[in-house]
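Peer 1: Here it is, the structure in full.
2 protein chains.
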Amino acid sequence: MNAPQLTKNQALVFEVLEKADGPLSAYTILDKLRDHGFRAPLQVYRALEKLLEYGVVHRLESINSFVVCAHPNENCHSHGTVAFAICESCGHVMEFHDHEVDHRLMDWTRGKKFKAEKTTIEIRGLCETCAA
Amino acid sequence: MNAPQLTKNQALVFEVLEKADGPLSAYTILDKLRDHGFRAPLQVYRALEKLLEYGVVHRLESINSFVVCAHPNENCHSHGTVAFAICESCGHVMEFHDHEVDHRLMDWTRGKKFKAEKTTIEIRGLCETCAA
DNA sequence: TCAATTGCGTAATGCTATAACGTGTGCGAT
DNA sequence: ATCGCACACGTTATAGCATTACGCAATTGA
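Chains as they are written, first to last, in my numbering: chain F, 549 to 680; chain Z, 549 to 680.
Below you can see the structure in the form of structure tokens.
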């Protein structure tokens, strides 16, 4: 799924996330866009839904937040499962991919005949700076 | 962290989860315990907090639900990271552990000097039965 | 005895997400 | 051309998840 031209709302939401240098909740995004005419959560959620679909934004399940994909131009969906390390102190997020992990998880699902649709890997803790 | 004697509320919540054969949300648990005098979400959340701490219950971040640990008597916290496969059709959850995955993620965090506190691995999809 | 800890109960609130309705616009098929 | 469809959008209301703040009671241990 590649990203077509974004609509106005999608572009606004994306821009806010891009500038944020950290994950944002839908309601935080909403607040940042009130000046641009946003009035309801649904406007944000609808835009996010598409951005997630296009693979340019990721959702962090463990903190109910959203973050731009670390791979600006490539299609993130082709990298296999995305993993995140989330600093609980500064909020910074590192995105990475590990094919060996993917492979192990795929082996397991295959063994169980489980049809995986979406895999979440999120490590919460402290980044180097904050742990020091 | 091993589980001491559970308090009344903790035992009630645990029992409900144990009988459930699938993950339950905190509010579902609350509803099931109204007859036993539960009246507020906090009663459930407080019990869950302890049960999570004792390692006898897990939280599924991606579906905001809770499930009993698949290892009745051992201390789950000693198995390394827990992974879950969650069927989006029937709601059934399989818990598993993969040391190789743990190892790969630990390698990554060590390389980044990231101090991991809690790792979430959740695979959503369809179980063998539901996929057929 | 006093202070600290822990569990509990209640009320209120806050945060996250979706349902249900209707509007307008672009576009292809007839 | 116009009808039907898909899609984005706007608004209101509601559902679902989680925590804050307050106070009380029992337990423990200095």
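Using N, Cα and C, we set each Cβ at its ideal position, and we do this for glycine too.
Note that the coordinates shown come from a computational prediction; the quantities given were computed from them, not determined experimentally.
Going along the segment 639 to 650 of chain F in order, which residues come within less than 7 Å of chain Z, judged by CB to CB distance?
Peer 2: Flagged, chain order: 642, 644, 646, 648 and 649.
Peer 1: Can you grab the Cα-Cα spacing for the pair residue 615(Z) / residue 563(Z), in whole Å?
Peer 2: If I take the Cα positions, the gap works out to 11 Å.
Peer 1: Are there 16 or more other CB atoms within 10 angstroms of the CB of residue 638(Z), so buried, or fewer, so exposed?
Peer 2: Flag for residue 638(Z) reads exposed.
Peer 1: Roughly how many whole angstroms lie between the Cα atoms of residue 655(F) and residue 661(Z)?
Peer 2: Looking at the two C-alpha atoms, the distance is approximately 29 Å.
Peer 1: So the candidates are 658(F), 597(F) and 675(F); which of them puts its Cα closest to the Cα of residue 634(F)?
Peer 2: For residue 634(F), the nearest C-alpha among the options comes from 675(F).
Peer 1: List, in order along the chain, the chain F residues whose C-beta lies closer than 7 Å to that of residue 663(Z)?
Peer 2: Ordered by position in chain F, the residues that pass the 7 Å Cβ test against residue 663(Z) are 673, 674 and 679.
Peer 1: On a Cα-Cα basis, can you pick out the residue from 652(F), 593(F), 602(F) and 579(F) that is closest to residue 554(F)?
Peer 2: Measuring from the Cα of residue 554(F), the nearest candidate turns out to be 602(F).
Peer 1: Does the beta-carbon of residue 567(Z) have 16 or more other beta-carbons within 10 angstroms, so that it is buried, or is it exposed?
Peer 2: Per the 10 Å Cβ criterion, exposed.
Peer 1: Among residues of its own chain, excluding the 5 on either side of residue 664(F), which ones have a beta-carbon nearer than 8 Å to its beta-carbon?
Peer 2: 653, 654 and 657, listed in sequence order.
Peer 1: Out of curiosity, what's the CA-to-CA distance linking residue 595(F) and residue 668(F)?
Peer 2: Each residue's alpha carbon lies about 21 Å from the other.
Peer 1: For residue 557(Z) and residue 573(Z), what's the separation of their Cα atoms in angstroms?
Peer 2: Approximately 16 Å between the Cα atoms of the pair.
Peer 1: Could you tell me whether the Cβ atoms of residue 592(Z) and residue 561(Z) are closer together than 8 Å?
Peer 2: A contact, by the Cβ cut-off of 8 Å.
Peer 1: Considering only their Cβ atoms, is the gap separating residue 647(Z) from residue 631(Z) smaller than 8 Å?
Peer 2: Against a cut-off of 8 Å, the Cβ pair of residue 647(Z) and residue 631(Z) comes out as no contact.
Peer 1: Compare the Cα-Cα distances from residue 678(F) to each of 580(F), 581(F) and 640(F) and report the closest residue.
Peer 2: For residue 678(F), the nearest C-alpha among the options comes from 640(F).
Peer 1: Give the straight-line distance between the Cα atoms of residue 619(Z) and residue 606(Z), rounded to the nearest whole angstrom.
Peer 2: Looking at the two C-alpha atoms, the distance is approximately 11 Å.
Peer 1: Between the segment 569 to 602 of chain Z and chain F, which residues of the former have CB atoms less than 7 Å from a CB of the latter, in chain order?
Peer 2: For the segment 569 to 602 of chain Z, which is checked against every Cβ of chain F, not one residue is closer than 7 Å.
Peer 1: Should residue 590(F) go down as buried or exposed, given a rule of 16 or more other Cβ atoms within 10 Å for buried?
Peer 2: Burial call: exposed.
Peer 1: In chain F, which residues lie with their C-beta within 8 Å of the C-beta of residue 554(Z)?
Peer 2: Per Cβ cutoff of 8 Å: no residues; residue 554(Z) is ~26 Å from chain F at best.
Peer 1: What number of angstroms, rounded off, separates the C-alpha of residue 583(F) from the C-alpha of residue 577(F)?
Peer 2: For residue 583(F) and residue 577(F), the distance between alpha carbons rounds to 11 Å.
Peer 1: Residues in its own chain within less than 6 Å of residue 642(F) by CB, not counting five upstream and five downstream?
Peer 2: Once the five neighbours on either side are set aside, the close Cβ partners of residue 642(F) are 633.
Peer 1: Can you check whether the CB of residue 552(F) is closer than 8 Å to the CB of residue 608(F)?
Peer 2: Cβ atoms of residue 608(F) and residue 552(F): not closer than 8 Å.
Peer 1: Can you tell which of 559(Z), 673(Z) and 628(Z) has the C-alpha that lies nearest to the C-alpha of residue 651(Z)?
Peer 2: Nearest option by C-alpha distance: 628(Z).
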